[in-house]
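This report refers to the structure that appears directly beneath it.
Numbering (this note's numbering), first residue to last: 23 to 479.
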């Protein structure tokens, strides 16, 4: 008979306590401790009994004696997913994909499973039935005889099917629905998530089978479950986007086998997620009508240059207190730029309503778009349209100077590729680039007032 006892877990960070306490000492959250029954059983270690290859304890040895061999990654048919993962899925890795409900997590992974033709894929769903998964596959108009579907939440049954099938990739939708018989806690609790993730992690490392997990998120946008969940896995991907927009962004928050600043852009259609090969063309408005308050910014996400449209609206504060609103851009940085314009350049924006929007529903944290934000604000304030064939790349400092940005040559090359004729950059980076290599005209500015003179001379 297994011994059982009760303990209390924080639903926010996973901290454990022998008794209930009101405030978690680890994450400082209130009323997050929940009582759970913990039981240990010797015969419930399904994977270790049925499929584990480990028979003896490992011994420590010098790092120089560890054998090293490059393992080929599993290349996917999705170029955006390959880029975000760093060149494909590493054998034995565990990937965690999070995102809001209805954003397209299940669609993206089912699409990945159906496109992998050279290996068996086990798609485990604890939220949908087999018929519902088949209906989604029919909408994608894709078939794969090597894709096996299992509607199951019991972890021991999943390991039993994996042992008989020997898949090359396991997809779990979602980790919050799995339960282990070792614990009497309900599905989705901290102890269940931690135990199931640990068993799947051991399975992946011992069999060199990559495992992809779908994770729910909380109302604050954080991955549900203990914080240790993100530390256990090798890669954490975040699927972002506005459900009212067609475009979705796949962002790597953590990646042990590649860059953690890569993004992939998808377009949501009835037939599934379609990768966007050239996102600059869809994030820019190349309409014939030129309106004030719009500017094109040259930014870089990871190693990928993008051209995005920055929209600004500056109007008189009708209701007394000026409003400051920003979508896709840090509001605190917007307030800083407004203070620079008022202090260093003499623009009286203190009693003006200011609204800023990054077109396309994406969020940009690159300080290199500061110059484009300044240009859009001044264009709306003066009600003068900016040149349609010009873009901007520069960081604005507190003294009003235009500072250089990273990967400037890639930004210039992207602007030239899309047919723009001018790009405004910081004059402090003049010596680091060779302008003769580009056909586009490069304008160098050192101060915000100098950029204003060039734009509205």
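Backbone N, C-alpha and C fix where the C-beta goes; we use that ideal spot for every residue, glycine too.
In this text the structure is predicted, and so the values were computed from the model without any measurement.
{"Query": "Sequence-distant residues of its chain with Cβ nearer than 7 Å to residue 373 (five each side left out)", "Result": "339, 344"}
{"Query": "Residues sharing a beta bridge with residue 235, DSSP", "Result": "118, 194"}
{"Query": "Residue from 137, 41, 411, 53 with nearest C-alpha to residue 33", "Result": "53"}
{"Query": "Residue 31, DSSP secondary structure in three states", "Result": "strand"}
{"Query": "Residue interval of the beta strand (DSSP E) (run including residue 327)", "Result": "326 to 338"}
{"Query": "In DSSP terms, what residue 296 is bridged to", "Result": "289"}
{"Query": "Residue burial classification, residue 413 (beta-carbon count within 10 angstroms, cutoff 16)", "Result": "buried"}
{"Query": "Inter-residue spacing [alpha-carbon to alpha-carbon] between residue 40 and residue 51", "Result": "17 Å"}
{"Query": "Closest residue to residue 221 among 393, 160, 466, 255 (Cα-Cα distance)", "Result": "255"}
{"Query": "Cβ contact check for the stretch 256 to 265 and the stretch 133 to 144: 3 or more pairs under 8 Å", "Result": "no"}
{"Query": "Beta-carbon gap between residue 360 and residue 376 smaller than 8 Å", "Result": "yes"}
{"Query": "Cβ pair residue 319, residue 394 closer than 8 Å", "Result": "yes"}
{"Query": "Residue 347, DSSP secondary structure in three states", "Result": "strand"}
{"Query": "Candidates 384, 391, 383, 396: closest to residue 369 by CA position", "Result": "396"}
{"Query": "From 383, 155, 209, residue whose alpha carbon lies closest to that of residue 133", "Result": "155"}
{"Query": "At least three beta-carbon pairs within less than 8 Å, the stretch 233 to 250 to the stretch 284 to 296", "Result": "no"}
{"Query": "Span of the beta strand (DSSP E) around residue 153", "Result": "Where residue 153 is concerned, there is no enclosing beta strand (DSSP E), although the alpha helix (DSSP H) it sits in stretches over 152 to 162."}
{"Query": "Where residue 234 falls, given that 16 or more other Cβ within 10 Å makes a residue buried", "Result": "buried"}
{"Query": "Rounded separation between residue 176 and residue 145 - CA only", "Result": "14 Å"}
{"Query": "Three-state class that DSSP yields for residue 51 in the structure shown", "Result": "coil"}
{"Query": "Alpha-carbon to alpha-carbon, residue 431 and residue 452", "Result": "11 Å"}
{"Query": "Residue closest to residue 337, alpha-carbon to alpha-carbon, out of 269, 158, 400", "Result": "400"}
{"Query": "Whole-number beta carbon distance between residue 213 and residue 223, since they are thought to touch under 8 Å", "Result": "Incorrect: roughly 16 Å between the Cβ atoms, too far for contact."}
{"Query": "Span separating the alpha-carbon of residue 149 from that of residue 169", "Result": "18 Å"}
{"Query": "DSSP beta-bridge partners of residue 263", "Result": "270"}
{"Query": "Between the CA atoms of residue 476 and residue 470 - distance to the nearest angstrom", "Result": "10 Å"}
{"Query": "Three-state class that DSSP yields for residue 421 in the structure shown", "Result": "coil"}
{"Query": "Whole-angstrom distance between residue 278 and residue 28, CA atom to CA atom", "Result": "36 Å"}
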